[in-house]
Each structure stands twice: as structure tokens, then as C-alpha cells.
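> By my numbering, the letter at position 133 of the sequence shown is numbered 136, and the numbering carries on one by one without gaps. Mind having a look at this structure? Questions to follow.
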Amino acid sequence: MRADELAETLAILDRLIGFNTVSANSNLALIDFVESHLRDRGFVLHRMPDSTGRKAGLYARIGPSGDGLLLSAHSDVVPAEHQGWSRDPFQLTRERGRLYGRGTTDMKGFLASMLALADRASKADLKEPLKLSISYDEEVGCLGMANMIGALPDILGTPRAAIVGEPTEMAVAIGHKGKIGLKAVAHGEAGHSSLAPRLENALHVAADFMGRLRGLQSWYAESGARDSDYDIPYA
Numbered sequence: 004m005r006a007d008e009l010a011e012t013l014a015i016l017d018r019l020i021g022f023n024t025v026s027a028n029s030n031l032a033l034i035d036f037v038e039s040h041l042r043d044r045g046f047v048l049h050r051m052p053d054s055t056g057r058k059a060g061l062y063a064r065i066g067p068s069g070d071g072l073l074l075s076a077h078s079d080v081v082p083a084e085h086q087g088w089s090r091d092p093f094q095l096t097r098e099r100g101r102l103y104g105r106g107t108t109d110m111k112g113f114l115a116s117m118l119a120l121a122d123r124a125s126k127a128d129l130k131e132p133l134k135l136s137i138s139y140d141e142e143v144g145c146l147g148m149a150n151m152i153g154a155l156p157d158i159l160g161t162p163r164a165a166i167v168g169e170p171t172e173m174a175v176a177i178g179h180k181g182k183i184g185l186k187a188v189a190h191g192e193a194g195h196s197s198l199a200p201r202l203e204n205a206l207h208v209a210a211d212f213m214g215r216l217r218g219l220q221s222w223y224a225e226s227g228a229r230d231s232d233y234d235i236p237y238a
């Protein structure tokens with residue numbers, strides 16, 4: 004990265020850190036800033052508000068039609084209270100070659116890089132499109148992207164590749180396991196303990212259910228799909 008490119012990125016990061024986008028807060032001021040930056044550079048924008056109107060995600064693209072590359076970041080940060088900060092967490096501080104501020108790593112640093120790249124992309128003769136995704140509420144369960152993902156194919160199509168700028172301890176990760184969350188409720192019958200053998204016991208039902216799950220887990224470990232690139236190579 005050239006010195007002028009680094010300076011531009013740090014100037015953008017300085018602005019981004021100044022937005023207190025802890026997940027409990029609105030992120031609209033930050034989204035307004037990002038939209039203005041991208042609109043001035045010719046990006047096509049699609050704001051994705053949440054049901055409360057206090058938060059929004061953003062899809063953006065520039066360049067010709069096609070698959071292209073998707074860059075993805077989230078706008079929210081974890082709280083900074085009661086953590087012994089010696090500096091204002093919402094003001095970027097530069098000391099001895101280090102940057103201090105809530106979100107510098109996770110992940111406004113990458114968002115700043117995206118916006119700096121957007122400036123250069125707007126001046127380039129792109130052969131494929133550059134696509135951007137900025138979500139909200141990632142730190143509290145990826146709630147924002149869950150609300151945005153359904154519109155992704157219609158707005159941005161299917162990118163050829165995606166880079167999600169999470170820090171991952173400064174190591175490049177080439178994949179990420181998905182997950183599914185389910186809720187199971189065990190129902191039993193109320194009655195006197197002296198009649199327990201005649202009644203359906205919810206604890207027994209739950210225990211049997213957990214036993215079946217453990218069996219399924221063992222099956223995946225022995226016979227399920229595998230990917231050796233993961234530390235645990237099965238689901």
C-alpha cells in the first residue's frame with residue numbers, strides 16, 4: 004500500500020471510529036457517511052433498514068455486470084464500558100505505530116479499507132464489478148445479515164468470491180462452517196411421585212433425545228462429510 008493510500012485509509016478509519024456503533028445503538032449516522040462516500044464515487048446503493056428504523060445495512064456495487072468480487076464488513080462494535088480504556092475508545096489514537104480505538108480491528112479497519120478501495124475502483128477500468136456489503140448487529144448474533152441475505156441474489160447476484168475482513172487473529176481463513184439452531188421442548192405428565200412409572204417424564208424424554216443427538220454426532224464423526232482443512236473436519 005502506498006503512503007497516500009495508507010493516509011486515505013487512516014483518515015476514513017478516523018471518521019468510522021468516531022461513530023459509536025455499539026450494537027445497542029443506531030448505526031444510521033455511519034451508514035449515512037458510507038452512502039455519501041460511495042455515492043460520490045458512482046456506486047449503486049441499496050439501503051436495507053431493519054424493522055425498527057434505527058439500523059440499516061447497505062449493499063453497493065460499481066462496474067460492469069457480472070459475478071465480481073464481494074467485500075463484506077459489519078458496522079457494529081462490542082461495548083467499551085468497564086474495560087479500563089486509557090484512551091477515548093471512540094476517537095482514533097495513533098501511538099508508536101499502533102492504532103487504538105473500538106473497532107480498529109473488528110472491523111472498522113477493514114471497512115475503511117473497503118471505502119478507500121472504492122475510491123480507486125471508481126477511477127479504474129473495471130473488468131468485473133466490485134460489490135460491497137455492510138451489515139449490522141453482527142456482534143449480537145449476525146442478526147443484520149440474517150435480515151439482509153434474502154435480498155442478496157436480486158441485488159448483487161452471485162459473486163465469484165467474497166472476502167470477509169474479520170481479523171481471525173491476522174491469519175487468512177479460506178472457509179467458515181455454517182450452523183443451524185433448533186429448539187426442542189420435552190413435555191411430560193404431571194402427577195404424584197408415587198405414580199411416576201405410569202407417567203411420561205419430561206426429563207426422560209429429554210435424556211433420550213440427547214442420547215439420539217450424541218449418536219448422530221458420532222455418525223457425523225465417522226461417516227459424515229469431511230473437510231480436512233478444518234481442525235475438526237466434520238460437522
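Using N, Cα and C, we set each Cβ at its ideal position, and we do this for glycine too.
In whole angstroms, what is the alpha-carbon distance linking residue 124 and residue 45?
Residue 124 sits at position 121 when you count from the first residue of the sequence shown. Residue 45 sits at position 42 when you count from the first residue of the sequence shown. Rounded to the nearest angstrom, the two C-alpha atoms are 10 Å apart.
> For residue 130, which option in 149, 23, 141 and 71 has the closest C-alpha, if you only look at C-alpha atoms?
Residue mapping note: residue 130 aligns to position 127 of the sequence shown, counting from 1. Among 149, 23, 141 and 71, the Cα nearest to that of residue 130 is on 71.
> Where does the unbroken beta strand (DSSP E) through residue 103 begin, and where does it stop?
Here residue 103 refers to the residue found at position 100 when the sequence shown is read from its first residue. Unbroken beta strand (DSSP E) run through residue 103: 101-103.
> Short check: CB of residue 49 to CB of residue 158, under 7 Å?
For the purposes of this step, residue 49 is taken as residue 46 along the sequence shown, with counting starting at 1. For the purposes of this step, residue 158 is taken as residue 155 along the sequence shown, with counting starting at 1. Yes, Cβ-Cβ distance for residue 49 and residue 158 is below 7 Å.
> Can you give me the Cβ contacts of residue 12 inside the same chain, cut-off strictly under 6 Å, excluding the 5 residues immediately before and after it?
The residue you call residue 12 lines up with position 9 of the sequence shown. Within the same chain, residue 12 has close Cβ partners 115, 116 and 119.
> Can you tell which of 106, 54, 89 and 39 has the C-alpha that lies nearest to the C-alpha of residue 24?
Stepping through the sequence shown from its first residue, residue 24 is reached at position 21. Residue 24 has its Cα closest to that of 106, out of 106, 54, 89 and 39.
> Can you tell which of 184, 236 and 189 has the C-alpha that lies nearest to the C-alpha of residue 149?
For the purposes of this step, residue 149 is taken as residue 146 along the sequence shown, with counting starting at 1. Nearest C-alpha to residue 149: 184.
> Is residue 113 close to the ligand COA? I mean its beta-carbon at under 6 Å from any heavy atom of the ligand.
Ligands displayed in this structure: none; no statement on the ligand COA is therefore possible.
> Assuming contact is defined by CB atoms lying nearer than 7 Å, are residue 26 and residue 140 in contact in what I supplied?
Translated into the one-based positions of the sequence shown, residue 26 becomes position 23. Translated into the one-based positions of the sequence shown, residue 140 becomes position 137. For residue 26 and residue 140, yes; Cβs fall inside 7 Å.
> Less than 8 Å between the CB atoms is what I'm expecting for residue 74 and residue 135, so what's the real figure, rounded?
Within the sequence shown, residue 74 is the residue found at index 71, counting from 1. Within the sequence shown, residue 135 is the residue found at index 132, counting from 1. Right, their Cβ atoms sit about 5 Å apart.
> Counting only the same chain and skipping the five closest in sequence on each side, list residues whose C-beta sits under 6 Å from that of residue 170.
Residue mapping note: residue 170 aligns to position 167 of the sequence shown, counting from 1. Only 108 and 109 meet the Cβ criterion.
> Jot down the residue ranges of each uninterrupted alpha helix (DSSP H) in the stretch 139-163, minimum 4 residues, whole runs only, in chain order.
146-151 and 155-159, all fully within the stretch 139-163.
> Per DSSP, what kind of secondary structure is residue 217 in: helix, strand or coil?
As a first step, residue 217 is located in the sequence shown; it is residue number 214 there, counting from the start. Three-state result, residue 217: helix.
> What first and last residue would you give for the alpha helix (DSSP H) that runs through residue 9?
Taking the first residue of the sequence shown as 1, we reach residue 9 at position 6. Unbroken alpha helix (DSSP H) run through residue 9: 6-20.
> In or out: residue 191 buried (at least 16 other Cβ within 10 Å) or exposed?
Indexing the sequence shown from 1 puts residue 191 at position 188. Flag for residue 191 reads exposed.
> What's the gap between the Cα of residue 64 and the Cα of residue 42?
Along the sequence shown, read from residue 1 onward, the residue named residue 64 stands at position 61. Along the sequence shown, read from residue 1 onward, the residue named residue 42 stands at position 39. Distance between the alpha carbons of residue 64 and residue 42: 10 Å.
> Check whether the stretch 194-209 touches the stretch 222-235, taking contact to mean three or more Cβ pairs, one atom from each stretch, closer than 8 Å.
These segments do not touch.
> Buried or exposed for residue 168, going by 16 or more other Cβ atoms inside 10 Å?
For the purposes of this step, residue 168 is taken as the residue at position 165 of the sequence shown. Classification for residue 168: buried.
> Rounded to the nearest angstrom, what separates residue 220 and residue 22 at their Cα positions?
Stepping through the sequence shown from its first residue, residue 220 is reached at position 217. Stepping through the sequence shown from its first residue, residue 22 is reached at position 19. Distance between the alpha carbons of residue 220 and residue 22 is about 44 Å.
> Pick helix, strand or coil for residue 223, following the three-state DSSP scheme.
Within the sequence shown, numbered from 1, the residue matching residue 223 stands at position 220. Looking at residue 223 - three-state DSSP - the assignment turns out to be helix.
> Could you give the DSSP three-state label for residue 196: helix, strand or coil?
Reading the sequence shown from its first residue, position 193 is the one you call residue 196. Helix, per DSSP.
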